[in-house]
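Under the numbering used here, the first residue of the sequence shown carries the number 635, and numbering increases by one thereafter.
From the three backbone atoms N, C-alpha and C, an ideal C-beta is built for every residue, glycine too.
Just so you know, these numbers come straight off a predicted model, no measurement behind them.
Below: the structure, in structure tokens.
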Amino acid sequence: MKPASPKGGAVNIEVPPVQQKHTTTSMGDRYRGGLAAAIVFLIVFSAYVIYVWTPIGLSLTAADFSVTSSEAVDAFVFICMGTWTNTTILHNAVSSLRTTGGWEGEVYVITDRQDGWPSLRDKYSVNVIGVDAVASKLAIHSFKCQMFDVLPAHVHNVLYMDADIVVSRPLMPFFKYLSNHKTEHPSSNLGFFRDSRGHFFGTCAECDYWHGGVMQAVRNVSEPCLHKWCEAIFSGRFPADQPALDYISKEERECRHMFVMDSRFLMFMKDYASVFLRPAKTFSHVTAFGRLNEQTWFYRLIVYLKLGVAM
């Protein structure tokens with residue numbers, strides 16, 4: 635540093651080379667710190683995408699992807715009637731069952747469509763059961779509790795799915811769970827998911843107690859309760875099948891062996907907390923599946939990214 639000018643002139647200050655080196659080093663440290671933070675963020679984000687949005691890392695063997703039969707399930711059953719038969723909703727559901735779920739066993743579709751539904755029957759090896767058309771939504775839902783009346787006699791253990799359910803994980807872990815549950819609770823014979831427990835916070839607006847979209851039932855032993863469900867549906871006291879199901883589970887002795895299936899196997903696609911924070915589960919309930927084109931672009935995008943389904 636030069637001394638001040640005796641005449642009051644400006645003071646010239648020279649920055650020592652060591653100070654310049656320190657400044658350069660600080661900038662380099664900040665750059666490396668920012669780069670490290672970016673790399674950490676990229677790693678965390680990639681792990682999040684892989685865990686939540688893709689099926690990678692499931693640690694499943696080849697056997698988990700191909701299932702012809704199960705101790706707990708002889709066949710899958712769908713019901714699709716009325717205007718829904720003119721949409722692709724059931725094609726998407728059955729396709730997910732075959733390709734993602736790995737189910738190669740029997741599939742039955744109960745429908746009022748009179749042409750045998752060749753596109754569904756031939757492409758996915760589906761057994762189509764024709765029934766008479768009914769006038770109301772409740773009457774359509776009543777086929778859930780009457781399905782053993784129209785299914786072949788050799789079908790005893792059934793897994794019923796609504797047409798707006800997508801199979802989004804291989805089925806084998808779910809089958810193992812059902813088999814273990816049957817061993818531990820042999821008297822349980824009619825299984826449903828809880829409507830609220832499938833949501834991230836364990837509750838939802840206007841939730842019923844039971845969710846009727848996926849049902850595990852056994853011929854003969856489940857039928858007394860199913861008949862009570864039909865009685866409640868046709869009583870005129872309930873606006874939908876699920877409130878009727880809630881009622882019989884509490885009031886009818888024939889339904890005392892109903893059981894709650896584990897909620898880790900069901901996701902609701904409009905439960906955005908679950909969708910963004912958890913990987914897809916075995917079954918995904920796609921609200922408004924048959925009219926996705928009427929939903930918001932955001933919801934359609936979520937369904938497409940999470941399940942690979944577009945409408």
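Whether residue 734 touches residue 808 by CB criterion (7 Å): no
Segment contact, 8 Å Cβ cut-off, at least three pairs: the region 859-875 with the region 902-913: no
Three CB pairs or more closer than 8 Å across the region 787-794 and the region 719-734: no
Beta-ladder partner(s) of residue 742, from DSSP: 711, 761
Endpoints, the alpha helix (DSSP H) within which residue 582 is located: One cannot answer for residue 582 here, as it falls past the ends of the chain, which runs 635 to 945.
Sequence-distant residues of the same chain with beta carbon closer than 6 Å to residue 843, five excluded per side: 880
Residue 954, buried or exposed, once every other Cβ within 10 Å from all chains shown has been counted against 16: Coverage of the chain is limited to positions 635 through 945, which leaves residue 954 absent and any answer about it impossible.
Any 3 or more C-beta pairs closer than 8 Å across the region 704-711 and the region 733-749: yes
Straight-line gap, residue 862 to residue 822 (C-alpha atoms, nearest Å): 17 Å
Reference residue 744; option with closest CA among 674, 897, 759, 766: 766
Inter-residue Cα distance where the pair is residue 838 and residue 873: 19 Å
contact_flag[the region 845-860, the region 748-764] where n(CB pairs < 8 Å) is 3 or more: no
Chain-order list of residues whose beta-carbon lies under 8 Å from that of residue 836 (same chain, five-residue window excluded): 830
First through last residue of the alpha helix (DSSP H) which encompasses residue 791: First-last for residue 791: 791-795, but that is the beta strand (DSSP E), not the alpha helix (DSSP H).
Alpha-carbon spacing of residue 859 relative to residue 886, whole angstroms: 8 Å
Whole-number beta carbon distance between residue 914 and residue 803, since they are thought to touch under 8 Å: 6 Å
In DSSP terms, what residue 828 is bridged to: 844
Residue from 751, 857, 899 with nearest C-alpha to residue 805: 899
Where residue 780 sits in the DSSP three-state scheme: coil
Nearest-angstrom beta carbon gap, residue 715 and residue 774 [assumed within contact, 8 Å]: 5 Å
Short Cβ contact (7 Å threshold) for residue 827 with residue 895: yes
Straight-line Cα distance separating residue 746 from residue 923: 20 Å
Integer-rounded CB distance, given that residue 782 should sit under 8 Å from residue 888: Contact flag wrong, Cβ pair sits at about 15 Å.
Proximal residues to residue 751 (C-beta, below 6 Å), its chain only, five neighbours per side dropped: 762
Straight-line gap, residue 850 to residue 932 (C-alpha atoms, nearest Å): 33 Å
Closest Cα partner of residue 771 within the set 728, 717, 667, 680: 717
Secondary structure of residue 931, DSSP reduced to three states: helix
Residue environment, residue 878, which counts as buried when at least 16 other CB atoms sit within 10 Å: buried
Per DSSP, cross-strand counterpart(s) of residue 894: 826
N-terminal and C-terminal residue of the alpha helix (DSSP H) that residue 919 is part of: Unbroken run through residue 919 is the beta strand (DSSP E), 917-919; no alpha helix (DSSP H).
Cβ shell of residue 732 (< 7 Å), same chain only, five flanking positions each side left out: 758
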